[in-house]
Each structure stands twice: as structure tokens, then as C-alpha cells.
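Chemist: Residue numbering for the sequence shown follows the working numbering, starting at 319 and increasing by one per position. By construction, the Cβ of each residue, glycine as well, lies at the ideal position given by its N, Cα and C atoms. Handing you a structure now.
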Amino acid sequence: MARGGGPPLRRLLLLLLLQLLALPAGSGSRAGPDPMYVSEYFSQSAQKLSFYSWYGNAKLFHFHVPEETVLLRWLLQASRGKGPECTDMEITVHFRYGAPPVINPLGTGFPVNATVRPSYNISITLSSAVQNTTFVNITSPAAGDWFIAAHLPEAAGRIEVKADMFVLRLTDMPVLEPGVAMPQTVVSPAKPLHVKVFVPKHAAGMRFELRSCVTRERRACAVRVVLGSITLPQSFQKIITCTGNVNCSLAMESPPWEKWLQIMVESLGPANASVSVEMLASFTACRPGSTSSFLNFSSLNQSQTGPRPGSTGAAGSSALSTAEASHNASGQRSFCLQNQPVVREDLDVVSVRYRLLNGPSVPVNNLSPTLLLLNLNTGMDSGGSLVISLLLNKTSVNLANASVVACVSAASPVLSLNATHNCSTAFFQGYPLSVSMSSAEATLIVLYPQTDDWFLSLQLSCLKGQGQCNAAEAKVTVFAYLTPCFNDCGPYGQCSLLRRHGYLYAGCSCKAGWGGWSCTDDAKAQSISVQNLATLLLTLSNLMFLPAIAVAVYRYYLVEASVYTYTMFFSTFYHACDQPGIAVLCIMDYDTLQYCDFLGSVVSIWVTILCMSRVKKILKYVLFVLGTLLIAMSLQLDRRGVWNMMGPCLFALVIMVAAWVYHGVKRRHCYPSSWKRWVFYLLPGITLAFTAISVYAFMETNENYYYTHSIWHVLVACSVAFLLPPRDKHKKPWAWSQKLTCRYQICQNDREELYAVT
């Protein structure tokens, strides 16, 4: 992530934006200077957009929003590359906090049991103007990773999008200590008050109170309190409006563990009227284990700076006295939890397996939820798919009306499944699951899970009253893992790892008409017979190189014949390996076959045009070898670059035209001189070659690839057979019997000009 400016005009624009972002100091604490705001700028290089056919076509931007950010502004610049003016183009930009956005522009299907939440998106229309600038503002954004994905709905032109991020950060945000009332002053509606409070581990609930709210004239006040930060595509901020001198409060269940929670207080009164308020925050928690109890955090004091996120001391479990714990333990066992130890095992990139130390089966009862922690906070886990599978052991529970309810949530667990069956926390909507005697299996697939600690809560529930489940215990087998692509994209897809500035994420590229996030949408899928036909067309069409090979050998062009044989072999087996589903055959690594196919295709065109130029043999073979080495190098740099084929073709054509002009001037006659050569060989060959190029460049699409590319094979191979020049006059065709014989023959010695019997 780069920080800095750009050209002078862009720097001037950035300075103006930073001045707009900078808010004057106004909201101060009770005993200290006014808060200080700091503006920061982050930028990433522009990316070329392309038509969306799979997730790899969407260009991803990755930003990290620092802590204590109160205002976030994105500057999106869409510009058109050099070229002819075209019609208006609509660019779609998606935003998401914590993980890349899950998008579906084509309206295809998702795998079964996959959770799909539409991303927040905007549209940018790029008209005939060269550049379009769009701003996106977010107040009180969540700190952490933010992702932006941009793509085009249809193919047209070269369009680039550049994303810049501006943040306004409060450097000395006041800390609200649990159980300690803190008076503050809100100067005006334009200058809201920002404070933060640290949520300890094992916090089951939080209560926020606002009291003693009066204006400077000792009148009744009106303020609005916003708890939490904005996250996209969904935001779960808690908002309360307090009017008059009456105390107002807000209670929340399952606040995010070990995180700073931002609180913003803004006045709803006149612009120049300051408001004095007093805030109080308290927490309740449940420590894990059989002796855990429901505790009150109102007496827990913290320092002004607050604990470090992730420190165990902030949990409050060890900070409370034994006497206080035993005092609050009676009658509060419903808020306790049973923690199951889970080990994270990293397998590969975006590939993690979770192992339960006590075995794959966990005990579940109705007294307290069973909790499993799935750590996904490394910053590199959000680019895959989280898969959680539950399997109920039917012999472990005999209640026909009982079921095991589960909830998967991020940042904090759900600790009241048995009471409300509501799978939601204070700032996150969880994913519910359930298994019973009638349906013993359940699977959940979370696509691109956000970076955080994820929790799986399980509890036994009885439909006819919880009293029947007091002595019951169920055994549930839990399988949890993180994979780059669910089910490895199936038999009709390929899982590809994508990279953006060191961040890795995965996507499925589908074939044979299949579509969807994991290539499970068969709305346009090809049948088995069509797949077999396509494979036969793409592979057997390469046999049309046999006439070209035979012509080359007959005319004694052995080097050219070997190149054509190489191309025919690797093109045949590359297309046999490139097919999806059951019609596939790979004799070696796919990448190797693809590289050899591309290399053989370009080198075949290179040697054919040089052979037509009729230059001296020593020069021709030097150009053969040197050109092949350069082509191999360019293919290694960019295998699908358009100039990998156009460059050698144009250079070889220049050599051929120069050689033909030289021969024509030397002979004082048009070269080639035979009209039969032009009518029966050159013109048909050139026509076939240009037809092949037209089919390849203008007619080939993903839908007709199997047919048009097979036609390309046939036309190119036939054009080679027509374009190869005739053999040298002093060489006889098929003279192998004279060269590979052991009989007595008369040999002529050109140097001594006499005959000898050998």
C-alpha cells in the first residue's frame, strides 16, 4: 500500500480534498485540550477493467483503515485509454468490509448451503469524456481491511479505474472506562463527540447509559447516540435518540470480543448550543467451564489508555475476586458456556483445517452452549470459503422432539440459543444451523469470510419444553475447514489463485457451459455428447497438419516438417487436456502442454514465412534458431500477449517482402515469376491464411470456441501446405533409397572428376 501523491494536478486535488476532510477542533474532553484530527492518504495503482465472465475479471483493491478513523472517503477515478471514441460504458464498483465482495453480475447460481449476501455497489457511467471522478464517503467506518472490486458489464475499450483512500483519524479519542461515569461536552451538531470503550473477552452483554444531559442554558437537550461502526454491505449500528433530562440506555447482547467499540454523540439542537452529557458503560460476562458464572463488569477499572486488543487481562475473568464471582453465580448458569479446544492447522495458501483436541464429536446439552473458536484473523484467510459440517450421532440422544441448534457468527458468539433461537449478535447477523433425528446432517458454506474470530455455538433444544432435555446430551461431529474453492470447483471448473499486492484470493473459472460461483449452475451446461464432439473436433482437426508435413518432407524441408510435427502433437494433447468433465486426457502438466502449444503455433508461422522468403540457407537457419529463442522468451513473459504472434509475423513478412524485391530486381522480373505459382498456390494459401486470422480474431467466442478454433486449425494447416515453396531444382524428391543403401554403386568424385567402384 503506497502513500503519496502523483502529478502536480493530482497533488493539488489531494491537498484540496485533505482540507475538506480536516475538521476544526471542537469537541473536547473534560480536562484536556481539544481533540486532534489527522488526515492520511492511501493510494493504489490503476487497473485495467475487463468484461466479467468469472471472478478473476473483477479488479480488486485492498485497503486497511486505521484505528480511530471517524471519516473515510474514497476517490474513484475511471479513465478511458487511447483509442477511438465509443459509447457510454457503465462500471460497477462493489464495496465490502473484512473480505472481498461476493458478486454475481451474471445472475448464475451458488452452491447448495452457501450463504449469499449481496454486496454494496455503485455504478459509474463513463461517457465519451476521458475521465470520471466519483466520491464515496463513510462516517465512523470499521477499522481493518476494506475491499473494492470493479468490473465492466460488457467488453468495450480499455478502461482503467484508480482508487484512492482518504481518512480522517482522531489521535486522542477519549476512553470510556467500564463502570466509571464520564462527563463530556458536545460543542455543536457539526462537531460530534467520539469516544471508545474496550469490550473484554467473554462479554455476554453491554449496557450503555446516557444521563445528565443538559444544554449550556440548563435546558432540556436532544442528542443522538450511535454505537458501533459502519461495515459494508450490511451495517448493524445501534442508534438511540435522547431528549429531555430523562436518562436513556441501550442494552446489547454479545458485543464484539476484545475490540474497541466506537461511540458517537451528536447534538440535535441549535448550531451554537453546547450540550453536557454523562456516559456510563457496563458489561456482563460468562466465563467458560462448569464453574463459570454470570458476572457484572461495573466494578472493573481500566487505565486511561485501555488494554491492548488481544490481551487476556482485558477479559475480566481473572480480574474479578473469588468472593464476587461466587456472589453472582447463583441462578445464572444459563449464561455459561462450555469451551471446546480447537487447533488451527495451516495446510496451504488459503487452506486451513480445524481439529478438535477432544475428538471430532462434541457433547451438547441444553444448560449451556458449547462453543468452538475458529480463528480467521490472520489477514490472509478471507480469500477462500469457510465450510462447516455438523453430523448428529443418533444413538447419543433418544428424544424424538429434540434438535441441536447452532449459530456461526463473527467477532462474538451467540450465548442465548436456547432462549431466543435468534442467531445474531450485537453487530453481526449470524448463520443458523440445526440437526435433528429426522435431518442428521447440516452444512454451511461462507463465501469469503471476513477477517475475524469466528465462533460456532451449539445447544440442545426441546420442542415440548426444556425440562425434558435437562438430563439429555447429544453428540455432534463437527468438521470445519477453509478451502480456496468449495469442492475444488467441481469437474467443470478450475480453481485459480489470484493476487493483488501480496493479497491472495481464489476464484472458479468454469467450462463446458457451466457457471456459478463454484461451477454448479448447469443452466447452459453442455451435454456429454457435445463435450465429446468438442474434444474430437479440437484434437482431430490437428491431423490436417499431416498434408503440410508430407509436403514439407517431399520438398526436402525437414526442419519445417519437424516444427509442424511438434505443433500437431502438442496442440492435439493440449486441447485433449484443456477439456472439462469426463472428456479429458493429460499426458503431462497442463501448463507445460499449453506453453508448448503456443510456442509451436507461433514458430510454425515464423518458419513458414521465412521459408517462403528463399534466403540463403545459413541465414535462414540462423533466423530459425534466433527467432525461436526470442519467441520462447516473449511467451514466458506474457503467454497470451497479442504481439507474441503479431510481432514475429510482421517481422517475417518484412524479411520475405525484402527478399522478394531483391530477387525481382536481380532477375528484372516479378518474383515469383510463374503465374501458376501465384494462381494455384500463393493466392489460395494467402486466402486460407487471412480467413483463418479473421475467424480467430473476429468470430471466436466462448460459446463457439470448439467449432471456430477447429476451423482455425484446418485453415492454418491447409494454408501451410499451399504456401511452402517448391523444392530446389538440384534435389530429387524421395531420394532416400539412394542415400541409405549398401549396394555397389558408381559414385562421382566432383573434385577428381573420375569414377570409382566401391
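#1: Cβ of A760 within 9 Å of Cβ of L751?
#2: Could you compute how far the alpha carbon of L286 sits from the alpha carbon of L579?
#3: In terms of residues, what are the limits of the alpha helix (DSSP H) holding I1004?
#4: I'd like the list of long-range same chain contacts for C988, defined as Cβ closer than 7 Å, with 5 residues on each side in sequence excluded.
#5: Below 8 Å, how does it come out for the segment 547-560 and the segment 511-525: are there three or more Cβ pairs, yes or no?
#6: Considering only residues of the same chain and omitting the five flanking positions on each side of F1040, which have a CB-CB separation below 8 Å?
#7: Quick one: residues in its chain with C-beta nearer than 7 Å to the C-beta of M862, no 5 flanking neighbours on either side, listed in chain order?
#8: From the DSSP output, in three-state form, read off T489 for me.
#9: DSSP has R542 in a bridge; who is on the other side?
#10: Whose C-alpha, out of V544, L694, E1021 and W835, is nearest the C-alpha of S458?
#11: Buried or exposed for F526, going by 16 or more other Cβ atoms inside 10 Å?
#12: If you follow the beta strand (DSSP E) that H512 is part of, which residue opens it and which one closes it?
#13: Answer with buried or exposed for V997, where buried requires no fewer than 16 other C-beta atoms within 10 angstroms of its C-beta.
#14: Could you tell me whether the Cβ atoms of P510 and M500 are closer together than 9 Å?
#15: Could you work out which residue in L855, S1012, T926 and L903 is closest to S1028 when comparing CA atoms only?
#16: Could you say if the segment 739-748 and the segment 680-689 meet the contact criterion of at least three C-beta pairs nearer than 8 Å?
#17: DSSP puts I1029 in a beta bridge; with which residues?
#18: Would you say V498 faces chain D, with C-beta separation under 9 Å as the test?
#19: Can you list, in chain order, the residues of its chain whose CB lies under 8 Å from that of V668, leaving out five sequence neighbours each side?
#20: Which whole-angstrom value is the C-beta distance of V753 and L710, which I expect to be below 8 Å?
#21: Among residues of its own chain, excluding the 5 on either side of L389, which ones have a beta-carbon nearer than 6 Å to its beta-carbon?
#22: With a 10 Å radius around its C-beta and 16 neighbouring C-beta atoms as the bar for buried, classify G350 as buried or exposed.
#23: Quick check on the DSSP output: what are the complete alpha helix (DSSP H) runs of length 4 or more inside the segment 716-767, in order along the chain?
#24: Going by C-alpha distance, which of S922, V794 and G497 is nearest V517?
#25: Using 10 angstroms around the beta-carbon of G820, count the other beta-carbons present and answer buried if the total reaches 16, otherwise exposed.
#26: Enumerate in chain order the residues of its own chain whose CB-to-CB distance from T1087 is below 6 Å, with the five nearest sequence positions on each side excluded.
#27: Please classify S836: is it buried, with 16 or more other beta-carbons within 10 angstroms of its beta-carbon, or exposed?
#28: Taking the CB atoms as reference points, tell me whether V940 and I973 lie closer together than 9 Å.
#29: Rounded to whole angstroms, what is the Cα-Cα separation between V871 and D915?
#30: By Cβ distance, which residues of its chain are closer than 7 Å to Y875, with the 5 residues on each side in sequence left out?
#31: Among residues of its own chain, excluding the 5 on either side of S827, which ones have a beta-carbon nearer than 7 Å to its beta-carbon?
#32: CB-CB under 7 Å to C895, same chain, minus the five flanking residues each way: which ones, in chain order?
#33: Once you ignore the five residues that flank A538 on each side, which residues in its own chain have a CB closer than 6 Å to its CB?
#34: Would DSSP call E1021 helix, strand or coil?
#35: Please report the straight-line C-alpha distance between L694 and L665, rounded to a whole angstrom.
#36: Distance, Cα to Cα, E1021 vs V715?
Modeler: Well, looking at it:
#1: Position 442 of the sequence shown holds residue 760. Position 433 of the sequence shown holds residue 751. Yes, they are a contact pair.
#2: Given that the chain is displayed from residue 319 to residue 1076, the structure contains no residue 286 and the question cannot be resolved.
#3: As a first step, residue 1004 must be located in the sequence shown, where it is residue number 686. L1001 to S1012 is the span of the alpha helix (DSSP H), which, as asked, contains I1004.
#4: If you number the sequence shown from 1, residue 988 lands on position 670. Shown here for C988: same chain residues with a beta carbon closer than 7 Å to its own, the five before and five after excluded, namely G982 in chain order.
#5: Contact between the segment 547-560 and the segment 511-525 is absent, because fewer than three Cβ pairs lie under 8 Å.
#6: The sequence position of residue 1040 within the sequence shown is 722, counting from 1. Excluding positions up to five away in sequence, the list reads Y999, L1000, P1002, G1003 and L1006.
#7: By 1-based counting over the sequence shown, the position of residue 862 is 544. Once the five neighbours on either side are set aside, the close Cβ partners of M862 are H1031, V1032, A1035 and C1036.
#8: As a working note, residue 489 is residue 171 in the sequence shown. When DSSP states are grouped into helix, strand and coil, T489 belongs to the coil group.
#9: Taking the first residue of the sequence shown as position 1, residue 542 is located at position 224. The partner list for R542 (beta bridge, DSSP) reads T559 and E584.
#10: As a working mapping, residue 458 is identified with position 140 in the sequence shown. If we check each option's Cα against that of S458, V544 comes out closest.
#11: In the sequence shown, the residue the question calls residue 526 occupies position 208. By the 10 Å Cβ count, F526 comes out buried.
#12: Your numbering for residue 512 matches position 194 in the sequence shown. Element bounds for H512: L511 to V517.
#13: The residue you call residue 997 lines up with position 679 of the sequence shown. With fewer than 16 other Cβ atoms from the protein chains shown falling within 10 Å of its own Cβ, V997 counts as exposed.
#14: What you label residue 510 is simply residue 192 of the sequence shown in a count that begins at 1. What you label residue 500 is simply residue 182 of the sequence shown in a count that begins at 1. Not closer than 9 Å, so no.
#15: Here residue 1028 corresponds to residue number 710 of the sequence shown, with the count starting at 1. Of the listed residues, the one whose Cα sits closest to S1028 is L855.
#16: They do not touch, by the three-pair rule.
#17: On the sequence shown, residue 1029 is found 711 positions in, with the first residue counted as 1. None, per the DSSP bridge assignment.
#18: Among the protein chains of the structure shown there is no chain D, as only one such chain exists.
#19: The residue given as residue 668 occupies position 350 in the sequence shown. The beta carbon of V668 lies closer than 8 Å to those of M698, D699, G701, G702, L800, T801, P802, L815, L822, Y823 and A824 in the same chain, with the five residues before and after it left out.
#20: Sequence index remark: in the sequence shown, residue 753 carries index 435 (1-based). Sequence index remark: in the sequence shown, residue 710 carries index 392 (1-based). Correct: roughly 4 Å between the Cβ atoms.
#21: The residue labelled residue 389 in the question sits at position 71 within the sequence shown. Excluding positions up to five away in sequence, the list reads T457 and L486.
#22: The residue given as residue 350 occupies position 32 in the sequence shown. Because G350 carries a pLDDT of 40, less than 50, the predicted location of this residue cannot be relied on, and no value is offered for it.
#23: Within the segment 716-767, the complete alpha helix (DSSP H) runs of at least 4 residues are 735-738.
#24: In the sequence shown, residue 517 corresponds to position 199, counting from 1. Taking the Cα of V517 as reference, the smallest distance to any Cα among S922, V794 and G497 is reached at G497.
#25: The count along the sequence shown starts at 1 and reaches residue 820 at position 502. G820 is exposed by the Cβ-count criterion.
#26: Only positions 319 to 1076 of the chain appear in the structure, and residue 1087 is not among them; the question remains open.
#27: Here residue 836 is taken as the residue at index 518 of the sequence shown, counted from 1. Burial of S836 is indicated by the presence of at least 16 other C-beta atoms within 10 angstroms of its C-beta.
#28: As a working mapping, residue 940 is identified with position 622 in the sequence shown. As a working mapping, residue 973 is identified with position 655 in the sequence shown. Pairing V940 with I973 gives a Cβ-Cβ distance that is not under 9 Å.
#29: Looking up residue 871 in the sequence shown gives position 553. Looking up residue 915 in the sequence shown gives position 597. For V871 and D915, the gap between their C-alpha atoms comes out near 22 Å.
#30: Taking the first residue of the sequence shown as position 1, residue 875 is located at position 557. For Y875, where only same-chain residues beyond five positions count, the Cβ hits under 7 Å are C929 and L1042.
#31: Sequence index remark: in the sequence shown, residue 827 carries index 509 (1-based). For S827, where only same-chain residues beyond five positions count, the Cβ hits under 7 Å are W372, G374, G811, Q812 and S814.
#32: To locate residue 895, count along the sequence shown from 1; it is residue 577. Hits under 7 Å: V902, L903, C904, Y908 and L911.
#33: Working through the sequence shown from its first residue, we reach residue 538 at position 220. Cβ contact annotation for A538 (same chain, cutoff 6 Å, sequence separation greater than five): G562 and N563, in chain order.
#34: As a first step, residue 1021 must be located in the sequence shown, where it is residue number 703. Of the three classes helix, strand and coil, the one that applies to E1021 here is coil, per DSSP.
#35: Taking the sequence shown and counting its residues from 1, the one referred to as residue 694 is at position 376. Taking the sequence shown and counting its residues from 1, the one referred to as residue 665 is at position 347. A direct Cα-to-Cα measurement between L694 and L665 gives close to 14 Å.
#36: Stepping through the sequence shown from its first residue, residue 1021 is reached at position 703. Stepping through the sequence shown from its first residue, residue 715 is reached at position 397. So the two alpha carbons sit approximately 53 Å from each other.
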